[in-house]
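First the structure, in the form of structure tokens, and then the observations on it.
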Amino acid sequence: MEEKKPEGGRKRNTFFEVAEKRRKLSEERNLTRVVLGETFQRWRAMKEQRGVKTDAQFAKILLDRYIHAGAWRSLEETGADWSTPTQKTRHTEGRRHAGDR
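With UniProt numbering, letter number 35 in the sequence shown gets 35, and the count goes up by one each step, no holes.
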């Protein structure tokens, strides 16, 4: 049986194709996600106060200022291990992830 095409001539995506595309997009988005935890409200307020439109722009501004101020060198001197998150950083906007229970 031949698949019907809408008037525009394009084949419609199946439910499974749409779901797979959403899953892939979500997976890509999760690769760049940063968990702010309890500091989310502070982040939002500072971003809005300075009139920055996106989180990415605000993060770049803060990182540039941080590096320019030389703060990174003082962190390296402490010998702190920054490779693993602390328990407090595992929360997002005050809510736990499903795997944190």
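Backbone N, C-alpha and C define an ideal beta-carbon position, used for all residues, glycine too.
- [ ] Could you spell out where the alpha helix (DSSP H) holding K21 opens and where it closes?
- [x] As a working mapping, residue 21 is identified with position 21 in the sequence shown. From DSSP, the alpha helix (DSSP H) with K21 extends over F15 to L31.
Open item on the list: Measuring straight from C-alpha to C-alpha, what distance separates E77 and A69?
Closed with: Numbered from 1 along the sequence shown, position 77 holds the residue referred to as residue 77. Numbered from 1 along the sequence shown, position 69 holds the residue referred to as residue 69. Using only the alpha carbons, I get a separation of about 15 Å.
Open item on the list: Rounding to the nearest angstrom, what Cα-Cα distance links V37 and G8 in this structure?
Closed with: What you label residue 37 is simply residue 37 of the sequence shown in a count that begins at 1. What you label residue 8 is simply residue 8 of the sequence shown in a count that begins at 1. The sequence shown places Gly at residue 37, rather than the Val named in the question. Whole-angstrom Cα-Cα distance: 47 Å.
Open item on the list: Can you tell me whether G9 is helix, strand or coil according to DSSP?
Closed with: Translated into the one-based positions of the sequence shown, residue 9 becomes position 9. Coil.
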